[in-house]
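Per our numbering, the sequence shown runs over residues 10 to 293.
A virtual CB, placed ideally from N, CA and C, is assigned to each residue, including glycine.
This report refers to the structure that appears directly beneath it.
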Amino acid sequence: MLIACVQSDVTFAKVDQNVERVCQWLEQAGQIDRGAEAESGLVVFPECMLSGYVFDNREAAFESAIEIHDLRFSAIADVCRQNQLLAVIGFVERQHDQIYNACALVGGGGVLGTYRKVHLPHLGIDRFTDRGTQPFEPIEVPGATPFQIGMAICYDGSFSEPIRCLSLSGADIVVLPTNWPVEGCQVADIVPRARSHENHIYFAAANRVGSENGTTFAGRSSICGPDGMVLAQNPGSDEGLIWADVDITQSRKKRIERVPGEHVIDRFADRQPQFYGKIGQPVE
C-alpha cells in the first residue's frame, strides 16, 4: 500500500484555490508507480489545508468554514476515484453556528469519515473553534486488504492518549494533518517516531510550509513505520510529496521476538492498566 504526505503551502481564506491545489497534488500522487497489484493509495494533507490557519477572530474563520456535504468535496472525490486514492484533508467545518478544526477522509465515493480536533492550543484558529467531542475511533477502509485508519490533528499528537486509544481500537495507521510552526519544529522530529514506536503502527504526519499572517510553518513531514523508524521524510521547508510503500499488516504484529524465548516484547499484551488510574483523572 502507498502512503504519501503532501507538504504544501496554502492560500489563506481562499477555499476554492486550495481545493484546486489539493486536486493538483492528488494528480501528482496518482503518477507514483504502485505496481500492477497495488490497491488504493492514501494521501495525507496538512491541517486546515482548505482554509488556512492563522485567523484573528471567529467571524473570519466562520467565513472560510464549509459543511461536510459541500460540493467541493465531491470534486476532490472525483480526482480520488480517477487516481485510485484516498485523501485525508484538513479543513474548517461548519455545522449550524459551530465551527471545528476538522479533517475528512475522502475516497472515490465521497467523504468516508471525519474527525474534529479535541486538543486546542492557544494559537491561530484554535483560539476560536469549538472543541470536538467524538471518541477516538478508527475508520475501517474496505478493500482486498481492509485496514483501519485513525485520524488526529496537530496538537492531538503531543498527547500519547489519543493515539493509544486509536491503536487499542485497531488502527493500523494514524495520520496527523498538522500546522507545526518553526517555533515548535522539534515536535516534527519527536512525535511521529515516538507515537509509531510506542503503538507499533504506521504514522504519517503532513505539515504545511509557507508563512501566514506572521506565522511561518516548519515542514518536516514524515512517515514512520511500526518500529519508529522514518520511512520517508521531507526534512526542509519546501513544498513536495513524500511516500512509502508499506505492508499494512506489519502494524498488527504487536509481539516482537528479537531472540525467541529470550527477548520477547508485546507493547499491548505487556501493558498493566491497573496501574494507570491517574490517566483518566482531571487535573485539579
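* Below 8 Å, can you find three or more Cβ-Cβ pairs linking the stretch 230-247 to the stretch 198-212? -> yes
* Asked: Taking all protein chains shown into account, do 16 or more other C-beta atoms lie within 10 angstroms of the C-beta of H272, making it buried, or fewer, making it exposed?
  -> As a position in the sequence shown, residue 272 is number 263, starting the count at 1. Counting Cβ neighbours within 10 Å, H272 comes out exposed, since fewer than 16 surround it.
* Under 8 Å by Cβ, that's how I've got G8 and A84 pegged, so tell me the actual separation to the nearest angstrom. => This structure leaves residue 8 out entirely; the chain is present only between 10 and 293.
* To do: Kindly identify the DSSP beta-bridge partner or partners of S212.
  => On the sequence shown, position 203 is the one that residue 212 refers to. The amino acid at residue 212 is misidentified as Ser; the sequence shows Phe. The partner list for F212 (beta bridge, DSSP) reads V183, C233.
* Euclidean distance between Cα positions of Q172 and A180 -> In the sequence shown, counting from the first residue as 1, residue 172 sits at position 163. In the sequence shown, counting from the first residue as 1, residue 180 sits at position 171. A small correction: the amino acid at residue 172 is Ile; Gln does not occupy that position in the sequence shown. Spanning the two alpha carbons is a distance of roughly 9 Å.
* Any idea what DSSP makes of P130, helix, strand or coil? -> Position 121 of the sequence shown holds residue 130. Coil.
* To do: Name the one or two DSSP bridge partners that L240 has.
  => As a working note, residue 240 is residue 231 in the sequence shown. The partner list for L240 (beta bridge, DSSP) is empty, contrary to what the question assumes.
* CB of L95 within 8 Å of CB of V150, strictly -> Numbered from its first residue, the sequence shown carries residue 95 at position 86. Numbered from its first residue, the sequence shown carries residue 150 at position 141. Yes; because the gap between Cβ atoms is below 8 Å, this pair is in contact.
* Buried versus exposed call for Q16 [16 or more other C-beta atoms within 10 Å across all chains shown] -> Translated into positions along the sequence shown, residue 16 becomes position 7. Buried, because 16 or more other Cβ atoms sit within 10 Å of the Cβ of Q16.
* Mind the definition here: the stretch 264-278 touches the stretch 32-52 only if three or more C-beta pairs lie below 8 Å; say whether that holds. => no
* Asked: What is the rounded straight-line gap between the Cα of F21 and the Cα of F284?
  -> For this step, residue 21 is matched to residue 12 along the sequence shown. For this step, residue 284 is matched to residue 275 along the sequence shown. Each residue's Cα considered, the two are about 46 Å apart.
* To do: Can you say whether K287 is buried or exposed, counting buried as having 16 or more other CB atoms within 10 angstroms of its CB?
  => As a first step, residue 287 must be located in the sequence shown, where it is residue number 278. Classification for K287: exposed.
* Based on Cα-Cα distance, which residue from I108, I251, I77 lies nearest to R67? -> Within the sequence shown, numbered from 1, the residue matching residue 67 stands at position 58. The residue with the shortest Cα to Cα distance from R67 is I108.
* Asked: In whole angstroms, what is the alpha-carbon distance linking G245 and N188?
  -> Indexing the sequence shown from 1 puts residue 245 at position 236. Indexing the sequence shown from 1 puts residue 188 at position 179. So the alpha carbons of these two residues sit roughly 14 Å apart.
* For the candidate residues H128, Y211, E192, whose alpha-carbon lies nearest to that of R261? -> Position 252 of the sequence shown, counted from the first residue, corresponds to residue 261. Nearest option by C-alpha distance: Y211.
* To do: Could you name the residues of the same chain whose beta carbon sits closer than 8 Å to that of V218, not counting the 5 residues immediately before and after it, in chain order?
  => Position 209 of the sequence shown, counted from the first residue, corresponds to residue 218. These residues qualify, in order along the chain: Q16, S17, D18, F226, A227, G228, S246, D247, E248.
* Asked: What did DSSP end up calling S178 once you bin it into helix, strand or coil?
  -> Start at 1 with the first residue of the sequence shown, and residue 178 comes out as number 169. In the structure shown, S178 sits in coil (DSSP, three-state: anything other than H, G, I, E or B).
* Of all the beta strand (DSSP E) runs that stay within the bounds of the stretch 98-166, which reach a length of 3 or more residues? -> 107-116, 119-125, 148-150, 156-160
* **Those runs of the beta strand (DSSP E) which lie wholly inside the stretch 31-66 and span at least 3 residues** => 50-53
* To do: Over the uninterrupted beta strand (DSSP E) stretch that includes C14, give me the two end residues.
  => As a working note, residue 14 is residue 5 in the sequence shown. Taken as a continuous stretch (DSSP letters only), the beta strand (DSSP E) holding C14 covers 11-16.
* Asked: What is the rounded straight-line gap between the Cα of C57 and the Cα of L132?
  -> One-based indexing of the sequence shown puts residue 57 at position 48. One-based indexing of the sequence shown puts residue 132 at position 123. Distance between the alpha carbons of C57 and L132: 13 Å.
* **Burial state of T123, where buried means 16 or more other Cβ atoms lie within 10 Å** => For this step, residue 123 is matched to residue 114 along the sequence shown. Looking at its Cβ environment, which holds 16 or more other Cβ atoms inside 10 Å, T123 is buried.
* To do: Alpha carbon to alpha carbon, how far is P55 from A215? Give it in angstroms, no decimals.
  => The residue given as residue 215 occupies position 206 in the sequence shown. The residue given as residue 55 occupies position 46 in the sequence shown. Their Cα atoms are separated by approximately 5 Å.
* Asked: Cβ atoms of R280 and K314: under 8 Å apart, would you say?
  -> Absent from the structure is residue 314, since the part of the chain shown begins at 10 and ends at 293.
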